[in-house]
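Colleague:
There are 2 protein chains.
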Amino acid sequence: MNNSKKERLTRSGWAVGEASDFLGLSAEEARFVELKLALAAGIRRLREKRGMTQAALAELLGSSQSRVAKMEAGSNSVTLDLIVRSLLTIGADPADIAKLIKGAESRRAA
Amino acid sequence: MNNSKKERLTRSGWAVGEASDFLGLSAEEARFVELKLALAAGIRRLREKRGMTQAALAELLGSSQSRVAKMEAGSNSVTLDLIVRSLLTIGADPADIAKLIKGAESRRAA
DNA sequence: CTGGATTATGTCATATTAGACATAAGGCGA
DNA sequence: TCGCCTTATGTCTAATATGACATAATCCAG
């Protein structure tokens with residue numbers, strides 16, 4: 001689904017507020033990516049707050065350090081499922097997740 | 111990851127509030143499933159509100175009726191990615207999604 | 001009840017993601 | 001600078017999800 005473009009974009013330094021709609025990205029796709037990035041950021045934040053390394057989290061998840069890295073980078077090779085599961089695993093509850101998602105919307109107003 | 115159990119459970123008539131932790135489901139897994147079900151329910155609600163049929167939504171999504179059905183059923187053969195994408199496509203914004211997720215938490219208190 | 005439309009379920013082949021592993025790159029203290 | 005620890009990136013194979021198709025089950029107007 002035309003990944004390479006998006007990938008290059010989101011990968012190389014996109015601020016959360018503007019994975020925008022100017023290339024092939026439909027409005028929904030853009031929103032989807034932002035949402036994913038917001039959650040990804042949440043993982044990193046929580047992980048660091050707990051003083052965990054990526055490797056530690058990976059073990060907790062039964063996954064690998066590399067996947068955690070990709071996850072936190074919001075790489076498009078990782079699914080929302082994995083991200084959300086991870087959030088739950090490090091102790092975020094649905095309310096926290098909801099909050100992260102709300103944060104994703106309208107950083108656009110800026 | 112021990113799907114059959116969960117599948118049978120969630121499939122055959124599980125109310126949203128209690129995809130609970132009594133079989134193999136870890137607490138996080140249970141929360142994850144509930145969250146997914148809540149979003150799935152959101153899709154159906156929105157779709158019906160728009161007077162769309164599953165087939166119509168499917169076309170809009172570039173998917174198929176059967177997949178939409180599975181999606182709304184919260185089948186574990188559908189990813190959160192697809193569900194969320196669908197929500198965005200029928201016009202839900204991040205705030206709506208956040209709301210749905212909040213709804214998922216603690217219908218447990220009952 | 002019958003028929004048309006909608007939704008549910010099951011099964012494929014193909015595409016995408018998973019964890020693993022190797023290895024590079026980036027701190028950072030001594 | 002040198003190591004050491006952590007994070008980033010790339011690439012495999014196995015696992016899983018995808019859309020498609022077929023077909024059953026529901027619903028409901030007439």
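Chains A and B, in that order, are what the protein sequence lines are.
Residue 1 is where the first sequence starts when you use the working numbering, and the numbers rise one by one after that.
Residue 111 is where the second sequence starts when you use the working numbering, and the numbers rise one by one after that.
Built from N, CA and C at the ideal position, the CB exists for glycine as well.
Nothing here was measured: the structure is a model prediction, and the numbers come from that model.
(1) Is L192 (chain B) closer than 9 angstroms to L156 (chain B) when the C-beta atoms are compared?
(2) Please report how far the alpha carbon of D93 (chain A) lies from the alpha carbon of S136 (chain B), in whole angstroms.
(3) With burial defined as no fewer than 16 other Cβ atoms inside 10 Å of the residue's Cβ, what is the status of E48 (chain A): buried or exposed?
(4) Does the beta carbon of E122 (chain A) come closer than 9 angstroms to any beta carbon on chain B?
(5) Keeping to the same chain, check which residues put their C-beta closer than 7 angstroms to that of K180 (chain B); ignore five residues upstream and five downstream.
(6) Does T199 (chain B) come out as helix, strand or coil in the three-state DSSP assignment?
(7) State buried or exposed for G184 (chain B), treating a residue as buried only when at least 16 other CB atoms are found within 10 Å of its CB.
(8) Against chain A, does A262 (chain B) count as a neighbour if the rule is that its beta carbon must be under 9 angstroms from one of theirs?
(9) In chain order, what residues of the same chain lie with their CB nearer than 6 angstroms to the CB of G213 (chain B), ignoring the 5 residues before and after it?
(10) Compare the Cα-Cα distances from E139 (chain B) to each of A:T89, A:I101, A:D96 and A:A40 and report the closest residue.
(11) Which residues, taken in chain order from the region 26–37 of chain A, show a beta carbon closer than 7 angstroms to some beta carbon of chain B?
(12) Quick one: what's got a C-beta closer than 7 angstroms to R154 (chain B)'s C-beta in the same chain, skipping five residues either side?
(13) Using the Cα positions of F142 (chain B) and I97 (chain A), report the straight-line distance between them to the nearest angstrom.
(14) Within 10 Å of its beta-carbon, does A58 (chain A) have 16 or more other beta-carbons around it, so buried, or fewer, so exposed?
(15) Which chain B residues sit within Cβ distance under 9 angstroms of L88 (chain A)?
(16) What does the Cβ neighbour count give for A165 (chain B), buried or exposed, with the cut at 16 atoms within 10 Å?
(17) Just the Cα atoms here: how many angstroms apart are A41 (chain A) and V84 (chain A)?
(18) Using beta carbons (cut-off 9 angstroms, strictly below), is V194 (chain B) in contact with chain A?
(19) Would I43 (chain A) count as contacting chain B if we go by Cβ distances under 9 angstroms?
(20) Using a Cβ-Cβ cut-off of less than 8 angstroms, give me the residues of the region 93–105 of chain A that come near chain B, in sequence order.
(21) Provide the residue span of the alpha helix (DSSP H) that contains R154 (chain B), from first to last.
(22) What is the DSSP secondary structure of S66 (chain A), reduced to helix, strand or coil?
(23) Can you list, in chain order, the residues of its chain with a C-beta nearer than 6 angstroms to that of L210 (chain B)? Leave out the 5 residues immediately preceding and following it.
(24) Between L60 (chain A) and the rest of its own chain, which residues show a CB-CB distance below 7 angstroms, the 5 nearest in sequence each way excluded?
Modeller: The structure says:
(1) no
(2) 14 angstroms
(3) exposed
(4) The question about residue 122 (chain A) has no answer, for chain A in this structure spans 1 to 110.
(5) S187 and V188
(6) helix
(7) buried
(8) In this structure chain B extends from 111 to 220, so residue 262 (chain B) is not present and cannot be described.
(9) A148
(10) A:T89
(11) E28, R31, F32 and L35
(12) E182
(13) 11 angstroms
(14) buried
(15) A137, E138, E139, R141, F142 and L145
(16) exposed
(17) 12 angstroms
(18) yes
(19) no
(20) D93, P94, A95, I97, A98, K99, I101, K102, A104 and E105
(21) A137 to K159
(22) helix
(23) A148, L149 and G152
(24) T89
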